[in-house]
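What follows is a single structure, written as structure tokens, with notes after it.
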Amino acid sequence: MRIDVVTIFPEYLEPLNVSLVGKARARGQLDVRLHELREHTTDVHRTVDDSPYGGGPGMVMKPEPWAAALDQVVASAGPGDGAVPTLVVPTPSGRLFTQELAQELAGRPWLAFAPARYEGIDRRVIEEAAERMPVVEVSIGDYVLAGGEVAVLVIVEAVARLLPGVLGNAESHRDDSFAPGRMADLLEGPVYTKPADWRGRGVPEVLVSGNHGKIARWRRDQAFARTLANRPDLVERWDRDGMDKHDLAALGALGVWWDEEAGRFLHTPVDVEQ
Ligand code: 6GU
2 MRIDVVTIFP
12 EYLEPLNVSL
22 VGKARARGQL
32 DVRLHELREH
42 TTDVHRTVDD
52 SPYGGGPGMV
62 MKPEPWAAAL
72 DQVVASAGPG
82 DGAVPTLVVP
92 TPSGRLFTQE
102 LAQELAGRPW
112 LAFAPARYEG
122 IDRRVIEEAA
132 ERMPVVEVSI
142 GDYVLAGGEV
152 AVLVIVEAVA
162 RLLPGVLGNA
172 ESHRDDSFAP
182 GRMADLLEGP
192 VYTKPADWRG
202 RGVPEVLVSG
212 NHGKIARWRR
222 DQAFARTLAN
232 RPDLVERWDR
242 DGMDKHDLAA
252 LGALGVWWDE
262 EAGRFLHTPV
272 DVEQ
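The opening residue of the sequence shown carries number 2 in the numbering used here; numbering runs sequentially from there.
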């Protein structure tokens, strides 16, 4: 996969040289290219922002440098890149980044990112780009960052680990909390490693029992409990057909039941205080 990022802070993206993404680049599985937006300015001050039409606080990123930078990225298409990139625009007003969107982006051969600082990029840049390439505006959650660079790191890491051959163990994302399939919409439970006794704390007996059926049951019960405690909003997305009688009994003990009328699982109120 090819990834281009246009930014005024290339140094903010240094983490792309580290760990999983860094290794994928070194192996040639990811071709990441950073571009400095200010190199596409034409004035001595290398200006990238200006005051907003209509007034209001903050500054807006000027269209000309962004257009020049994106034109250059598009013009650099190589064989196998795909004709045009999918443009990902990180913004708190975008659609929510989910595992499903990560999967969708992982299927594209070429992504280009346009992270903004200030109040955002002049809208006309996005409109014009959308006439030439797929554009997706993406938010990574309900909070406001000072700029989109950190969102690029989040999105690139979530996408890169889905690419074939990037994760060591092919099974590693089968059980991901939000992966499609059996574990969908279930948070993973706690994990333990050696030593068996640490600061007077042991490991749940079942995990050292060697009984794989019991271990699987325990892990699923823990996942149910953790999801109910931390993400009760996910409970209504649970699939009745994915539950057996042991699941239903475990859920009952947690105050969760299938409501035929509602066509979904309901639960007694959850205490959200931690
Ligand atoms: Cl993608 N950008 C900014 N600036 N803030 C955000 C965000 C993105 N996602 C959540 N908050």
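The beta-carbon is built from N, C-alpha and C at its ideal position, and this holds for glycine as well.
N- and C-terminal bounds of the alpha helix (DSSP H) containing residue i
i: Ser20; result: 20-27
i: Pro66; result: 64-76
i: Phe225; result: 213-231
i: Asp234; result: Counting along the chain, Asp234 falls outside any alpha helix (DSSP H), and DSSP gives it neither H nor E.
i: Arg125; result: 124-131
i: Glu105; result: 100-107
Test item: CB-CB of residue i and residue j under 8 Å
i: Pro11; j: Leu31; result: no
i: Thr92; j: Ala117; result: yes
i: Val137; j: Val89; result: yes
i: Arg227; j: Leu188; result: yes
i: Arg109; j: Ser140; result: no
i: Asp82; j: Arg3; result: yes
i: Val148; j: Met62; result: Here the sequence assigns Gly to residue 148, which means Val is not the residue at that position. No, Cβ-Cβ distance for Gly148 and Met62 is not below 8 Å.
i: Thr8; j: Leu17; result: no
i: Gln100; j: Phe179; result: yes
i: Val192; j: Ala25; result: no
i: Thr87; j: Leu102; result: no
i: Phe1; j: Val6; result: The structure shown does not extend to residue 1, since the chain is modelled only from 2 through 275, so no value can be given for it.
i: Asp44; j: Met60; result: no
i: Asp177; j: Arg238; result: no
i: Ala197; j: Gly190; result: no
i: Trp259; j: Arg241; result: yes
i: Pro64; j: Thr42; result: no
i: Ile133; j: Val75; result: In the sequence as displayed, the identity of residue 133 is Arg instead of Ile. Yes; because the gap between Cβ atoms is below 8 Å, this pair is in contact.
Residue i - containing beta strand (DSSP E), residue span
i: His268; result: 265-268
i: Ile4; result: 3-8
i: Ala147; result: Ala147 -> no beta strand (DSSP E), and no H or E assigned at all.
i: His247; result: Counting along the chain, His247 falls outside any beta strand (DSSP E), though it belongs to the alpha helix (DSSP H) covering 246-254.
i: Leu88; result: 87-97
i: Asp200; result: In the sequence as displayed, the identity of residue 200 is Arg instead of Asp. Here Arg200 belongs to no beta strand (DSSP E), and DSSP marks it neither H nor E.
i: Trp111; result: 111-114
i: His36; result: 32-37
i: Val257; result: 257-260
i: Glu138; result: 136-140
Presumed contact (8 Å Cβ cut-off) between residue i and residue j, rounded CB distance
i: Leu229; j: His268; result: 6 Å
i: Ala70; j: Leu112; result: In fact, because the Cβ distance is near 15 Å, the residues do not count as touching under 8 Å.
i: His174; j: Arg218; result: Not really, about 23 Å apart at Cβ, beyond 8 Å.
i: Gln104; j: Leu163; result: 6 Å
Residue-chain proximity (residue i, chain D), Cβ-Cβ < 8 Å
i: Glu262; result: Here there is only one protein chain, and chain D is not present.
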